[in-house]
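*Asks:*
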Amino acid sequence: MSDSADSLREQRKRETSRALTDTARRLTTELGFAGFTIEELCSEVGVSRRTFFNYFESKENAVFGFATIDSRQEALEEEFATQHGDLLDDFIQLTIRRFDLFNPVEDAPAMFAVIEQEPRLLKAAFEQLAKNERRDMSLVGRRIEDAPDAELRAAVIVHTVGALVRLSMDQLLHHQSTEPFADLITRRLDLARSLYAPSQKDH
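Under the numbering used here, the first residue of the sequence shown is numbered -13, with each subsequent residue one higher.
(1) Going by other Cβ atoms of all chains shown within 10 Å of its Cβ, with 16 needed for buried, is residue 68 buried or exposed?
(2) Taking the alpha helix (DSSP H) that residue 33 belongs to, which residues open and close that run?
(3) Who are the Cβ neighbours of residue 31 in its own chain at under 6 angstroms, not counting the five residues just before and after it?
(4) Helix, strand or coil, according to DSSP, for residue 186 in the structure here?
(5) Assign residue 154 to one of two classes, buried (16 or more other C-beta atoms within 10 Å of its C-beta) or exposed (fewer than that).
(6) Shortest alpha-carbon distance to residue 53 belongs to which of 83, 3, 74 and 16?
(7) Counting C-beta neighbours from all protein chains within 10 Å, is the total for residue 46 16 or more, i.e. buried, or is it exposed?
(8) Helix, strand or coil: which one does DSSP assign to residue 191?
(9) How about residue 49 and residue 11: are their beta carbons less than 9 angstroms apart?
(10) What number of angstroms, rounded off, separates the C-alpha of residue 146 from the C-alpha of residue 138?
(11) May I ask whether a heavy atom of the ligand NAP can be found less than 8 angstroms away from the beta carbon of residue 74?
(12) Quick check on residue 143: buried or exposed, where buried means 16 or more other Cβ atoms within 10 Å of its Cβ?
What follows is the structure, encoded as structure tokens:
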């Protein structure tokens, strides 16, 4: 398959995934999460149930837009796994590039409407976020598998960056910051490094 044909195929897949999520959110706000089935969602979008599960593991994931891994994301993650630079810097850059791909800020109003309608969906969202964290820990672990306490190191890096992401997202969503996400998270990383740097005082 040519690059252009493959690119068109990927674009269509992303459009289908987006249509499923947008429709799932609309149906949730209109009917409630239990008010429609996967089959009804698929009928609205014009795809089969089998096609749905090529994109999402569950109806909850469709509402949240947690699609199976995008090929662009897979490429970014594979690039990260084979890099040899500073691990934390590389992981921050991966985080920024994934943000640029999916930009959750754009989805925030629709997500807030869904959560207001169906607060119980928060549990599913937290479970998926935890799954994503475990995936990232495994990804980081590939870089440091021979290091002492590799699993713990990977967990600390992922959770630390996750906290910086949440701080940056709060700035974007609740304080209407006009700074790019990349600048917000990089500045917070620099501050964290200065706070946790070894003291220069004599001991």
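All C-beta atoms in this analysis are idealised placements derived from N, C-alpha and C, irrespective of residue type, glycine included.
*Replies:* Quick look at the numbers:
(1) Counting from 1 along the sequence shown, the entry for residue 68 is found at position 82. Exposed is the call here.
(2) The residue given as residue 33 occupies position 47 in the sequence shown. Note, residue 33: premise wrong, no alpha helix (DSSP H); not H, not E.
(3) Here residue 31 refers to the residue found at position 45 when the sequence shown is read from its first residue. Here the set comprises 5, 6 and 9.
(4) Locating residue 186 in the sequence shown gives position 200, counting from the first residue. For residue 186, the pLDDT reaches just 49, beneath the cut-off of 50, and the residue's location in the model is therefore unreliable, although a value from the coordinates is still provided. In the structure shown, residue 186 sits in coil (DSSP, three-state: anything other than H, G, I, E or B).
(5) Against the sequence shown, residue 154 aligns to sequence position 168. Buried, by the Cβ-count rule.
(6) On the sequence shown, residue 53 is found 67 positions in, with the first residue counted as 1. When each option's Cα is compared against that of residue 53, the closest is 3.
(7) Taking the sequence shown and counting its residues from 1, one reaches residue 46 at position 60. By the 10 Å Cβ count, residue 46 comes out buried.
(8) One cannot answer for residue 191 here, as it falls past the ends of the chain, which runs -13 to 189.
(9) For this step, residue 49 is matched to residue 63 along the sequence shown. For this step, residue 11 is matched to residue 25 along the sequence shown. Yes, Cβ-Cβ distance for residue 49 and residue 11 is below 9 angstroms.
(10) In the sequence shown, the residue the question calls residue 146 occupies position 160. In the sequence shown, the residue the question calls residue 138 occupies position 152. The alpha-carbon atoms of residue 146 and residue 138 are separated by roughly 12 angstroms.
(11) Looking for the ligand NAP in the displayed structure turns up nothing, as the structure carries no ligands at all.
(12) On the sequence shown, residue 143 is found 157 positions in, with the first residue counted as 1. Residue 143 comes out buried.
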